[in-house]
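Chemist: In the working numbering, the protein residues as written are 1035 to 1180.
Following this line, the structure appears as structure tokens:
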């Protein structure tokens, strides 16, 4: 919360941070994705293939996260009339749709691991939604652009 507040404050006041801090933050941000995938891979690597699909709720979570919620958002964005409010409204709404149809965050897996809260289940959700995203994301974008 503190960093979000500081980020908004810096944005509004147009404060420029020193170049060394900016370069450091850029380096860290480039590594976040790969580190998340390594951690998720290590957790799933310790599980058997049968164990991955043994979670009963994984199917409903994936269905809701990757199909139902994005489809509702798709309908709202496409037929809500918001695209006409700005000159680039359709592109801005497409970006919002892309944020909705992405897989579950890898950070959730890391937080579950840090706090000892079923990190295996969190990593399975992340992996399954990532796999399903390969199919659902192009379909949702295509439906939006039709």
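Glycine included, C-beta positions come from ideal geometry on N, C-alpha and C.
Predicted model only: the values in this text are computed from it and were never measured.
#1: Which residue comes first and which comes last in the alpha helix (DSSP H) that contains residue 1084?
#2: Within a Cβ cutoff of 8 Å, which residues of the same chain sit near residue 1158, ignoring the five residues on either side of it in sequence?
#3: What are the boundary residues of the alpha helix (DSSP H) that residue 1108 is part of?
#4: Does the beta-carbon of residue 1145 have 16 or more other beta-carbons within 10 angstroms, so that it is buried, or is it exposed?
#5: Select from 1069, 1122, 1127 and 1103 the residue whose C-alpha is nearest the C-alpha of residue 1141.
Modeler: Short version:
#1: As a position in the chain shown, residue 1084 is number 50, starting the count at 1. Start and end: 1083–1086.
#2: Counting from 1 along the chain shown, the entry for residue 1158 is found at position 124. 1078, 1081, 1086, 1089 and 1092.
#3: Mapped onto the chain shown, residue 1108 falls at position 74. Residues 1103–1113.
#4: Along the chain shown, read from residue 1 onward, the residue named residue 1145 stands at position 111. Exposed, by the Cβ-count rule.
#5: Reading the chain shown from its first residue, position 107 is the one you call residue 1141. It is 1069.
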